[in-house]
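Trainee: Quick note on numbering: the sequence shown equals residues 1 to 342 in this note's numbering. In this text, a Cβ means the ideal position worked out from N, Cα and C, and glycines have one as well. Before we start, here is the structure in question, set down as structure tokens.
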Amino acid sequence: MHNLRIWNTPLDDPVEVVHYLGALQAQEFLYAKWSIAQRTKGAGDAEIQRLLDDGSILRTHLLRPTWHFVLARDIRWLLELTAPRVHALNAYMYRKEDLTPELLAKSNRVLAKSLSGDLHLTRKEIQAVFEGAGIDASGLRLGYLLGYAELEAVICSGARRGKQQTYALLDERAPDAESMDPDDALAELTRRYFTSRGPATVKDFARWSSLKMTDCKHGLEMLAAELDSETVGDRTYWFAPSSSPPKARGVVDLVQVYDECVMSYSESRDALAGSVPTQESPLMHAVLLDGQLLGFWKRIEKGDSIEIETSFPRPLNRAESAALKKAAERFSGFLGKAATLV
Numbered sequence: 001m002h003n004l005r006i007w008n009t010p011l012d013d014p015v016e017v018v019h020y021l022g023a024l025q026a027q028e029f030l031y032a033k034w035s036i037a038q039r040t041k042g043a044g045d046a047e048i049q050r051l052l053d054d055g056s057i058l059r060t061h062l063l064r065p066t067w068h069f070v071l072a073r074d075i076r077w078l079l080e081l082t083a084p085r086v087h088a089l090n091a092y093m094y095r096k097e098d099l100t101p102e103l104l105a106k107s108n109r110v111l112a113k114s115l116s117g118d119l120h121l122t123r124k125e126i127q128a129v130f131e132g133a134g135i136d137a138s139g140l141r142l143g144y145l146l147g148y149a150e151l152e153a154v155i156c157s158g159a160r161r162g163k164q165q166t167y168a169l170l171d172e173r174a175p176d177a178e179s180m181d182p183d184d185a186l187a188e189l190t191r192r193y194f195t196s197r198g199p200a201t202v203k204d205f206a207r208w209s210s211l212k213m214t215d216c217k218h219g220l221e222m223l224a225a226e227l228d229s230e231t232v233g234d235r236t237y238w239f240a241p242s243s244s245p246p247k248a249r250g251v252v253d254l255v256q257v258y259d260e261c262v263m264s265y266s267e268s269r270d271a272l273a274g275s276v277p278t279q280e281s282p283l284m285h286a287v288l289l290d291g292q293l294l295g296f297w298k299r300i301e302k303g304d305s306i307e308i309e310t311s312f313p314r315p316l317n318r319a320e321s322a323a324l325k326k327a328a329e330r331f332s333g334f335l336g337k338a339a340t341l342v
């Protein structure tokens, strides 16, 4: 939690957060922005949205077959490193939806032409463009056509139009994005992962990055002089050298279900489990107490205010209730809306 910067000294701004973490899963859009805000000195939703609109931070598919936030300057080398693995994970659906290499190449050409000139189009508008070009973009096909174009560095997120997300050409949104030598890219991703998520295992890294185990081990070999390791039981944990952080006492955090403190781990995820069954509540997001699962939460929109609904397997004591209230106030500040715990 300290290395992930949910605790510890907050980072200066959202751009520094995304650079430090390398990439953040952004499937749940508003909550993903909250994951960025939690690691800053107080950035709000509006500030983070401005950075997304101006292209400093982009949202696209890489690492795994899902959305991630990345910096514009990092997007190209991250795609070059991880897109082949994501394509492999998507291969079954490409075949199932009859998305042949010829059709995918055509759809990329259509997108490049229709978005040229700094045009930003919504998903529905792009679907109409595809249909006008004789490309069936119904059902799941549209998502995979767009995802393929993202992985091929043709498109990425554009500026939001009202409440709608748009797509734009990556070359126009991130003209200064750099490529890297494959080994340099692997070393950099390995460095950012273990610096920000360590202690973690090579299996954790492989699951998070979707890279082959041989590549993950090679990344660790290249960083042998930069990282420390410790073996506990049958697991070897890798991490950047640092002083031992103080242990939290009574800290409550409202984290979203896809926060990096959850999604960055596979075999080490049990460190967050605590004693609460994960199916205890239908609520989706996690309330953590000193980094371990305490209960669940979700927000309910109430016009200009929100309610934060919570569920716990046991009553909270006075100190825990006070810490929960403090966490709710921070989420309220991020949204710029009054919040009530229910």
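Let's test the definition: count the other Cβ atoms within 10 Å of the Cβ of Ile300 and tell me whether it reaches 16, buried, or not, exposed.
Mentor: exposed
Trainee: Buried or exposed for Ala225, going by 16 or more other Cβ atoms inside 10 Å?
Mentor: Label assigned to Ala225: exposed.
Trainee: Can you tell me which residues form a DSSP beta bridge with Cys156?
Mentor: Ala168
Trainee: Taking DSSP as the reference, what is the three-state secondary structure of Gly295?
Mentor: strand
Trainee: Whole-angstrom Cβ separation of Ser179 and Leu63, contact assumed at under 8 Å?
Mentor: In this structure Ser179 does not touch Leu63 by the C-beta definition: roughly 17 Å separates them, more than the 8 Å allowed.
Trainee: From what residue to what residue does the alpha helix (DSSP H) around Asp13 run?
Mentor: Where Asp13 is concerned, there is no enclosing alpha helix (DSSP H), given that its DSSP letter is neither H nor E.
Trainee: Determine, using beta carbons only, whether Leu89 and Val70 come nearer to each other than 8 Å.
Mentor: no
Trainee: Quick check: the region 189-209 against the region 164-172, are there 3 or more CB pairs under 8 Å?
Mentor: no
Trainee: Thinking just about the alpha-carbon of each residue, which of Tyr92, His285 and Asp54 is nearest to the one in Arg161?
Mentor: The option with the nearest alpha carbon to Arg161 is Asp54.
Trainee: Is Ile155 near the ligand HEM, in the sense that its beta carbon is under 7 Å from a heavy atom of that ligand?
Mentor: By its list of ligands, the structure shown contains no ligand whatsoever, and the ligand HEM lies outside what it can speak to.
Trainee: Between Thr122 and the rest of its own chain, which residues show a CB-CB distance below 6 Å, the 5 nearest in sequence each way excluded?
Mentor: In the same chain as Thr122, and ignoring 5 residues on each side of it, the C-beta atoms closer than 6 Å to its own belong to Gln164 and Thr166, in chain order.
Trainee: From Ser103 to Val232, what distance separates their C-alpha atoms?
Mentor: Note on identity: in this sequence residue 103 is Leu, with Ser being the wrong assignment. Those two C-alpha atoms are separated by around 50 Å.
Trainee: Please name the residue or residues paired with Phe69 in a DSSP beta bridge.
Mentor: Leu24 and Arg59
Trainee: Measure the Cβ-Cβ separation of Thr40 and Val18 and say whether it is below 8 Å.
Mentor: Not a contact, by the Cβ cut-off of 8 Å.
Trainee: With a 10 Å radius around its C-beta and 16 neighbouring C-beta atoms as the bar for buried, classify Gly381 as buried or exposed.
Mentor: Because the chain in this structure spans residues 1 to 342, residue 381 falls outside the shown range and cannot be described.
Trainee: Locate the alpha helix (DSSP H) running through His218, then write down its first and last residues.
Mentor: From DSSP, the alpha helix (DSSP H) with His218 extends over Met213 to Met222.
Trainee: Does the Cβ-Cβ distance between Tyr265 and Glu28 come in under 8 Å?
Mentor: No, they are not a contact pair.
Trainee: What does the Cβ neighbour count give for Lys212, buried or exposed, with the cut at 16 atoms within 10 Å?
Mentor: exposed
Trainee: Grouping DSSP H, G and I as helix and E and B as strand, with all else coil, what is Ala206?
Mentor: Note: Ala206 maps to helix in three-state DSSP.
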